[in-house]
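Input: a single structure, listed below in structure tokens.
Residue numbers (the working numbering): 2 to 108.
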């Protein structure tokens with residue numbers, strides 16, 4: 002059973018960008034493709050959380066009753082939230098929980 006290689010293509014980037022990708026790949030002992038794949042994955046994840054945070058803020062602002070209903074339902078299903086809860090380190094700074102905003106913590 003042989004493994005088929007992934008299809009590849011060429012994209013145009015500036016020489017400076019290509020050199021930066023090559024330097025990172027060399028430093029980390031990875032291919033340039035792996036460096037680009039990870040960078041794009043990280044960008045998409047960051048964009049997802051930014052969009053989610055904007056949607057939460059919009060709901061809080063435009064429909065406070067719906068937000069209050071959501072929080073009440075969440076508490077019924079999941080129980081009260083722990084004041085000492087921590088989120089996974091890779092999520093830190095990507096989303097601000099409503100309770101943190103209410104307590105005056107900037108995002």
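Ideal Cβ positions, reconstructed from N, Cα and C, are used throughout, including at glycine. From a predicted model like this one, the values you see are computed outputs, not experimental measurements.
The same chain holds no residue with a CB closer than 8 Å to that of residue 8 once the five nearest residues on each side in sequence are set aside. Taking 7 Å as the cut-off, the Cβ atoms of residue 60 and residue 68 count as close. Here residue 36 is buried. Its C-beta has 16 or more other C-beta atoms within 10 Å.
Using a Cβ distance threshold of 7 Å, residue 41 and residue 33 do not count as a contacting pair.
In this model, residue 74 and residue 48 are separated by some 27 Å (Cα to Cα). Looking at the backbone, the Cα of residue 54 and that of residue 64 are separated by about 15 Å.
In this chain, the alpha helix (DSSP H) harbouring residue 29 covers 16 to 29.
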